[in-house]
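Counting in our numbering, the sequence shown runs from 13 upward without gaps. We put the CB at the ideal spot given by N, CA and C, even for glycine.
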Amino acid sequence: MKIKNVKFLKAAYKEEEIPNHSYKEIAFVGRSNVGKSSLLNMISNNFKLAHVSQKPGKTKSINFFLVDNKFVLVDLPGYGFAKVSKGEKKRWQKLIDNYLQKRKNLKGVFVLVDSRHPPTALDKLMVEYLQSLNIPFKVVLTKADKLSKNEKQKAINLTKKELNVEEKDIILSSSKTREGRDKIISEIFNFLK
Ligand SMILES: Nc1nc2c(ncn2[C@@H]2O[C@H](COP(=O)(O)OP(=O)(O)O)[C@@H](O)[C@H]2O)c(=O)[nH]1
Ligand SMILES: [Mg+2]
13 MKIKNVKFLK
23 AAYKEEEIPN
33 HSYKEIAFVG
43 RSNVGKSSLL
53 NMISNNFKLA
63 HVSQKPGKTK
73 SINFFLVDNK
83 FVLVDLPGYG
93 FAKVSKGEKK
103 RWQKLIDNYL
113 QKRKNLKGVF
123 VLVDSRHPPT
133 ALDKLMVEYL
143 QSLNIPFKVV
153 LTKADKLSKN
163 EKQKAINLTK
173 KELNVEEKDI
183 ILSSSKTREG
193 RDKIISEIFN
203 FLK
């Protein structure tokens, strides 16, 4: 259960651009700036793979990454960013919705939530949405390097309560310390089974 080689496959800006392959897919979602690109880089051992941006809302496409010629990681556009136009937001929302509703290859989703803040209304909506679609998911609490041991447990408890998920479905992670990497990779392979 290792990830060795990850390469960028494609960016899809519209539904028609979503690649037509038979690889199983694992997707990552979360509000912009939650640390999604950093996490993908950390998992891939490639600091330049997914663009880490200081400007939230920059990822406007669904990005596909091929792992060891076996399966595909999918970076979905960040939700809940205020500084884009309504039209632009609608376009992303439609792209994400279509993908989650229709994608037969999709085997599991990681919902990224900033460990320093309580889950947002949009995080809740996303979790409920995945539950309603029967898509298996895990919650990843990002930027855990910013928390003390106590605060980590508090963040887990809050996530359990707010998102109505079990502790076994929550993973603390940090792209700085690489905390959570092994767990995330092992869950990826569980999803792929
Ligand atoms: N302390 C800390 N900062 C992080 C971590 N992951 C991302 N960041 C920072 O959070 C900001 C947004 O990260 P990025 O990966 O671009 O988020 P994205 O918009 O969700 O793709 C950047 O300034 C990152 O350096 C982490 O694990 N720990
Ligand atoms: Mg990003």
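Exposure label - F77; buried when at least 16 CB within 10 Å | With 16 or more other Cβ atoms from the protein chains shown falling within 10 Å of its own Cβ, F77 counts as buried.
Anyone know if the C-beta pair for S50 and S198 falls short of 7 Å?
-> Taking 7 Å as the Cβ cut-off, S50 and S198 do not qualify as a contacting pair.
Could you give the uninterrupted runs of the beta strand (DSSP E) lying entirely in the region 46-114, keeping only those of 3 residues or more?
-> Taking only runs of at least 3 residues, the beta strand (DSSP E) segments lying wholly in the region 46-114 are 74-79, 83-87.
When you compare each of E163, A167, D157 to T189 by their alpha carbons, which one comes out closest?
-> Check the Cα spacing between T189 and each of E163, A167, D157: the tightest is with D157.
Nearest neighbour of S185, chosen from Y111, N110, L142, K155 [CA to CA] | The shortest C-alpha to C-alpha distance from S185 to any of Y111, N110, L142, K155 is the one to K155.
Tell me whether the beta-carbon of N117 lies closer than 7 Å to the beta-carbon of E37.
-> Contact flag set, yes.
Using 10 angstroms around the beta-carbon of K205, count the other beta-carbons present and answer buried if the total reaches 16, otherwise exposed.
-> So K205 ends up on the exposed side.
Report yes or no: do three or more beta-carbon pairs, one from the region 127-136 and one from the region 96-105, lie closer than 8 Å?
-> These segments do not touch.
In the DSSP assignment, find the beta strand (DSSP E) that holds I38 and state where it starts and stops.
-> Counting along the chain, the beta strand (DSSP E) containing I38 begins and ends at 36-42.
Say yes only if the C-beta of K180 is nearer than 6 Å to one or more non-hydrogen atoms of ligand 2, and no if none qualify.
-> For K180, the CB stays at least 6 Å from every heavy atom of ligand 2.
What three-state label does DSSP hand T171 in the structure shown?
-> If DSSP states are grouped into helix, strand and coil, T171 belongs with the helices.
Confirm the yes/no value for this check: CB of K114, any heavy atom of ligand 2, distance under 6 Å.
-> Distances between the C-beta of K114 and the heavy atoms of ligand 2 are all 6 Å or more.
What is the DSSP secondary structure of L153, counted as helix, strand or coil?
-> It is a strand residue.
How about V46: is its Cβ closer than 6 Å to a heavy atom in ligand 1?
-> Under cutoff, so the answer is yes.
Can you tell me which of the three DSSP states K116 falls into?
-> K116 falls in the coil class under three-state DSSP.
Can the beta-carbon of V18 be found less than 7 Å from the beta-carbon of S56?
-> Taking 7 Å as the cut-off, the Cβ atoms of V18 and S56 count as close.
With 16 other CB atoms within 10 Å as the buried threshold, where does S34 fall?
-> With fewer than 16 other Cβ atoms within 10 Å, it is exposed.
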